[in-house]
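Working notes for the structure below.
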Amino acid sequence: MTSTPAVPASAAPAAARGLAQGDGRKGSWPVRIAIGVIVILWLIPALGVLITSFRPEDLANNTGWWTALADPFQDGAWTIENYQLALDAQGFGNAFLNSLAVAIPATVIPITIAAFAAYAFSWMQFRGRYAMFVLVVGLLVVPLQMALIPILRLYVEGSQVGRLILFPDLDLNGTFLGIWLAHTAFGLPLAVYLLRNYIGSLPSSLIESAKMDGADHFTIFWRLIIPLSVPALAAFAIFQFLWVWNDLLVAYIF
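Just so we're aligned, residue 1462 is where the sequence shown starts under this note's numbering, counting upward by one.
Here it is, written out as C-alpha cells:
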C-alpha cells in the first residue's frame, strides 16, 4: 500500500493564490469588454471629426462621415484644403505656433522644478522642510486673478521698500519669458504637491540601497526617482499642458 505524499504547508497558500489569480484573470474579461466598449464609444465622435476634417466641403455637408469608410480610395474623397484654409485664415497658423511656444516651455519648466523640490521634500533632511511644504501647498488657495496685477506691476515697475530694491525693473511684460514664469508660478504648488506625494510613497529600501552603494542625491534622483516617477510626471504634464493651452487670460495680460 502506497502512501500519498504530504503536501507542504506552504504549498496550500501558494495554490490558493494561484487559483485566485486564475479566477481574477477569468473574471477580468467582462471588465475588458466593458472598457473596450467605453473606449469605442468615446472615440467615435473624435474619429468622425477627424475624418470630416479631411473631406471636401460638399461631401461633408451632404453625406455622413462614415460613408468615407465604405470606399476610402475613391477619387476626390480626401483633401487637405481644409487645413490649409484654417492655417491661412487671419493669422491662425502664427497663433498656433505662438500657443506651442508658450505651452511647451510652460509645461517643462514647472515639472522640472517640481520634481527636484518633491525629491527634496521627500528624501532629503533639512530644517523646516515640512513648514516649507505646507507653505507651498497653501499657495494653492491663492486665486489666479488676484495675483495677475501684482505680478504685472513687478514685471513693469520692479519692487522696492523705501530705498531697498527687492526686484529691479525686469522688463518682462510682452515677452515669452514673462508668460513662462507666470505659468510656472501658478502651476508649481499643485505640481510639488502631487509629485511629492508620489515620490514620497516609493520604497525607502531603494533609496537606502543606492546610498549604501555610494550614490549621491543627484544620482538617486536621476537614475531611480525619475524612471519610477514617469506615470506621475506624465499625468501632471498632460494637465499642465492642457491648462496652459486653453488659457488666454495669462497670455493676454502678460
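Every residue gets a Cβ at the ideal spot worked out from N, C-alpha and C, and that includes glycine. Note that the coordinates shown come from a computational prediction; the quantities given were computed from them, not determined experimentally.
Short Cβ contact (8 Å threshold) for residue i with residue j
i	j	result
His1678	Met1585	yes
Ser1690	Ile1668	no
Ala1576	Leu1656	yes
Trp1706	Ala1564	yes
Gly1512	Trp1503	The residue you asked about is not Gly; residue 1512 is Ile in the sequence shown. Cβ atoms of Ile1512 and Trp1503: not closer than 8 Å.
Trp1490	Phe1515	no
Gln1701	Gly1648	yes
Leu1600	Tyr1616	no
Trp1641	Ile1574	no
Rounded separation between residue i and residue j - CA only
i	j	result
Gly1639	Ile1681	33 Å
Tyr1654	Ile1572	11 Å
Ala1567	Gly1537	41 Å
Ile1714	Leu1609	8 Å
Ala1531	Leu1546	27 Å
Ile1686	Leu1694	11 Å
Val1598	Leu1548	41 Å
Ser1665	Arg1588	20 Å
Asp1708	Leu1561	12 Å
Per-residue DSSP class, three states only, for residue i
i	result
Trp1527	coil
Gln1535	coil
Met1607	helix
Gly1635	coil
Arg1516	coil
Arg1403	For the chain, the structure presents residues 1462 to 1715; residue 1403 sits outside this window and is missing.
Asp1549	helix
Ile1541	coil
Leu1709	coil
Phe1702	helix
Phe1715	coil
Phe1697	helix
Ala1470	Note that Ala1470 has pLDDT 44, beneath the 50 cutoff, so the model's placement of it is unreliable and no number is given.
Interface flag, residue i vs chain C, CB-CB below 8 Å
i	result
Leu1710	In the structure shown, chain C cannot be found, because there is only a single protein chain.
*Just list the beta strand (DSSP E) runs in the stretch 1487 to 1512, keeping only unbroken ones of 3 residues or longer that don't cross its boundaries, in chain order.*
none
_I'd like the ranges of any beta strand (DSSP E) spanning at least 3 consecutive residues and lying wholly in the stretch 1648 to 1695._
none
*asked:* Please give the ranges of any alpha helix (DSSP H) in the stretch 1561 to 1605, keeping only runs that are unbroken, at least 4 residues long and fully inside the region.
replied: 1590 to 1599
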